Structures are given as C-alpha cells and as structure tokens.
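J.:
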Amino acid sequence: MANEILMSVDVDEWYQCRWATGSDFALWPDTQTFFREYYGSNKPSGEILPLVERILELFAENEIRATFFFTGEIASFYPDLVKRVAAEGHEIASHNLVHKDYHQVALYEFTEHLKKTNGLLEDLSGQAMLGYRAPNSAVHPDMIRCLLELGLRYDSSVTPTRPFMGKFGEFTKASVNPYPLAEDSFAERGSSGLWEFPLPVFPWGKLPAGSGIMTRIAGYRYTVTALDRALETGDTVYYFHPYEIGPRPKLDGIDLRTRVFLRNLGESYFRSLKRLIERYRGRFVCGCDLLRRLQGSALSTRPTAHADP
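The letter at position 301 of the sequence shown is residue 339 when you use the working numbering, and the numbering goes up by one with no holes.
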C-alpha cells in the first residue's frame, strides 16, 4: 500500500494569525478589539463561510475525506459550519478554544479551554474528538498527559524544522513521519498511547513545508519536493487555511514579514492546491483513518455519533 497524506484544514480566519491577534506582537490585542476596529461589530463578518464551501466542493469532486481542525471560537460563531463539514463526511478535530500560543499559558487554562472546545465540537458534529493540532504549532510536553486524559488519540502539531519566522526549532531531530509519542516529549518515540503526525520538511535545510503558507511563499515545486521525500519513508501531512483561497485582507502599514506571509492568496494558491490534489490523487486520508491503519485497526470503524439520551 502506498504511503498516504493526511489532508487537513485549519479552520482559522486571517485575523487569528500571529501577526494579527495571535501573539504578543500582534496588531490587535485580541479578536474582540479587532472586530470593533475592523468590522465595527462584536463578531466576524462571515468571510470564512463561502471559502469553506468552496473547499468542500473541491474535496467532493476529488473524493477526499479530510480533517478539519476547528477552534472553539470559530465553532461558537459558526455552529452550522461545523455541522455542515461533518455532514459531508469529514473528520472534525480540535484546534483548542482560541488561536494563541498555548505553551505559554498555565496548564489548567490549556486543559479547561481544550475540554470546553472538545465538548462543543462533539455536540455539534456528533463525533468523538480524536485529533488535536496546537494553534501556531506551539506545544509543551505537559500537554501530552492532558490530551490523553481528554480522550484524544493523535496530535498533528510537530514541525521538525530549523527556526523559521520566529517559530519552530524545538523539534529539529523529530521524525518527519508518524510515530507513537513518549510520555514526556513531542519529539521522541514512546508508549504514551498518543500518536504524532508531524509535518514534512524541505529536505535541504530542514525548513517548514507541507502547508498552504509555505506553498504560497516558496512555491509548488518546493512543496512537492518535501512531500515526495517524506512519502519515501512513511506517511505525511498537508494543511491549509480557508483564508488562503480568499482575497488579501485590506490592511495598511503592515511590515515586510507580514507582506511575505500574505503573498499569493486567492486564485494563485487555489490553482496550486488543485495541482497538489491531482498529483497525489487517491493518497489523501483524514487523521482518524490514518490512525486506524497505523494502529492496525485498533479503533472501531469511524468517529461515531453520540447516542441520544
């Protein structure tokens, strides 16, 4: 059997990026401030809805069952969107409550946010939460125990690269293919009961790859090189965001790094995404199906709906 690619969508809006509201150096201190100043409202405008619909159409046309990582914040604003994605047969997974660096907060806050998010997503989707991806790929070893206690079975946050654009660098020696996690390290193999589905890297220089961001910044060929190399030795991961197939946000005075981050949005990236789907046709899976295969069918068939009380 050919090695497979976990196709995943991080259901974030552009204003949740680190440069906008997701870090200490962001343009706005939080999303509520952003909503007031940018939209003149206390909630988002719904930009994400037609973008996710277009993604669902693309996946349906190509018979792809993917994993959609939702934050609790997005699910609260758009509960029908979670239901819509789940109804199309895709896996719903957790991206925690808000899009921030959770490795910098107290463990109890991380746990409470994750518990709240998972409960909301399970209620909306009718699926058990099996997968987690940390916002901004920011993880801490203490999170492993919390993920397990909340019933999660896999994480897909590790990026085994050199430092890049103020991120990464902690997991340079980690595998680029899925591995069972140790109890005290996201970078080491072990028997914790949690699996890690890491992102691929560009083989020369160990730079980030396997994402819509790097496809837009470094190009289609860069992405294909990284995916092909990872597939030689095992399964791998690709992810993107709905905003990446949408128009560029209207912003003034942004710095060079942010301008680079926002390059090639819209139709330019959508064309690249369609090329990737065509190149790897038949090799895309969702996280729970990949987990099931790696564990030797230890799970039951698929995430199941909760029984009515």
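We put the CB at the ideal spot given by N, CA and C, even for glycine. It should be emphasised that the depicted structure is a prediction, and the values quoted were computed from it without experimental measurement.
(1) Measuring alpha carbon to alpha carbon, tell me which residue in Asn-134, Ala-64 and Phe-73 is nearest Asp-48.
(2) So what does DSSP say about Gly-110, is it helix, strand or coil?
(3) Please go through the same chain and pick out, in chain order, the residues whose beta-carbon is closer than 6 Å to the beta-carbon of Tyr-146, but skip the five residues on each side of it.
(4) Could you tell me whether the Cβ atoms of Pro-238 and Ala-256 are closer together than 8 Å?
(5) What are the start and end residues of the beta strand (DSSP E) that includes Tyr-276?
(6) Please name the residue in His-279, Pro-287 and Val-123 whose C-alpha comes closest to that of Gln-165.
(7) Can you give me the C-alpha to C-alpha distance between Arg-313 and Phe-97, rounded to a whole angstrom?
(8) From this set, Pro-198, Trp-66, Asn-174 and Ile-86, which residue's C-alpha is nearest Pro-117's C-alpha?
(9) Residue range of the alpha helix (DSSP H) that Ala-264 falls in?
(10) Would you tell me roughly how many angstroms separate the C-alpha atoms of Pro-218 and Ala-225, rounded to the nearest one?
(11) What distance in whole Å lies between the Cβ atoms of Glu-111 and Thr-69, which are believed to be in contact at a cut-off of 8 Å?
(12) Rounded to the nearest angstrom, what separates Arg-183 and Asp-290 at their Cα positions?
(13) Tell me where the beta strand (DSSP E) around Ala-131 begins and ends.
(14) By the three-class DSSP mapping on this structure, what secondary structure does Ala-62 have?
(15) Beta strand (DSSP E) containing Leu-44: first to last residue?
(16) Taking 8 Å as the threshold, find out whether the region 301-311 comes into contact with the region 273-285 through three or more Cβ pairs.
(17) Cα separation between Ala-220 and Ser-310?
(18) Hey, Pro-216 and Asp-273: beta-carbon distance below 8 Å or not?
(19) Mapping DSSP to helix, strand and coil, what is Phe-115?
T.: Reading off the structure:
(1) Ranking the options by Cα distance to Asp-48, first place goes to Asn-134.
(2) Gly-110 carries a helical assignment under DSSP once its states are collapsed to helix, strand and coil.
(3) Same-chain partners within the cutoff: there are none.
(4) The answer is no: Cβ separation not under 8 Å.
(5) Here the beta strand (DSSP E) through Tyr-276 covers 274-278.
(6) Of the candidates His-279, Pro-287 and Val-123, the residue whose Cα lies closest to the Cα of Gln-165 is Val-123.
(7) One C-alpha to the other measures close to 13 Å.
(8) Of Pro-198, Trp-66, Asn-174 and Ile-86, the residue nearest in Cα terms is Ile-86.
(9) Secondary structure note for Ala-264: its alpha helix (DSSP H) is the uninterrupted segment 258-271.
(10) Rounded to the nearest angstrom, the two C-alpha atoms are 10 Å apart.
(11) About 7 Å separates the Cβ atoms of Thr-69 and Glu-111, confirming a contact at the 8 Å cut-off.
(12) Distance between the alpha carbons of Arg-183 and Asp-290: 43 Å.
(13) Per DSSP, Ala-131 belongs to the beta strand (DSSP E) from 129-132.
(14) Before going further, note that residue 62 is Asp rather than Ala in the sequence given. Coil, per DSSP.
(15) For Leu-44, the uninterrupted beta strand (DSSP E) segment begins and ends at 43-49.
(16) A contact exists between the region 301-311 and the region 273-285.
(17) Going by the C-alpha atoms only, they are around 36 Å apart.
(18) Against a cut-off of 8 Å, the Cβ pair of Asp-273 and Pro-216 comes out as a contact.
(19) Residue state, collapsed to three classes: helix.
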